[in-house]
Amino acid sequence: MKNTTLFLIQSPYSQLDKIWRELRQIAQADDPIVIMGDAALQVSQNIIDTFSNLYCLSSEQSLLNDEVKDHVKIIEYAQFADLIVQFDRCITLK
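My numbering applies: residue 136 is where the sequence shown begins, and numbers increase by one.
(1) Could you check if Ala-175 is buried or exposed, using at least 16 other CB atoms within 10 Å of its CB as the buried criterion?
(2) Can you grab the Cα-Cα spacing for the pair Glu-195 / Thr-139, in whole Å?
(3) When we look at the beta-carbon of Pro-167 and count the other beta-carbons within 10 Å, is it buried (16 or more) or exposed?
(4) If Gln-145 and Lys-229 are in contact, beta carbons under 8 Å, what's the gap, nearest whole angstrom?
(5) Alpha carbons only, please: which of Gln-177, Ile-226, Ile-219 is nearest the one belonging to Val-207?
(6) Excluding the five sequence neighbours on either side, which residues of its own chain have a C-beta within less than 7 Å of the C-beta of Arg-224, listed in chain order?
(7) Please name the residue in Ile-209, Arg-159, Gly-172, Ile-183 whose C-alpha comes closest to that of Ser-149.
(8) Return the CA-CA distance between Glu-157 and Ala-216, expressed in angstroms with no decimal places.
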């Protein structure tokens, strides 16, 4: 059985506050969320406390704050592809 929804956060830094607010309205606390690009710059403890299933591509892990790195699963591109096919729906917030 496939999972329902995977969220991809792929927004420019200037839009991230809006995107995280929007995500809080549509995502469940345990929904998988892949943070990409600028989104990795703004992962705070508040986001970690709200969403328990965060992923970041290994090529972008250097953008994460040191305080949150232990709470974000670092994945390679092949693992990202494997993750995507597990879901019926993928929502990208830009």
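The C-beta atom is built at its ideal place from N, Cα and C for all residues, glycine as well.
In short, the structure shows the following:
(1) buried
(2) 26 Å
(3) buried
(4) 5 Å
(5) Gln-177
(6) Thr-139, Thr-140
(7) Gly-172
(8) Linking Glu-157 to Ala-216 through their CA atoms gives a straight-line distance of about 25 Å.
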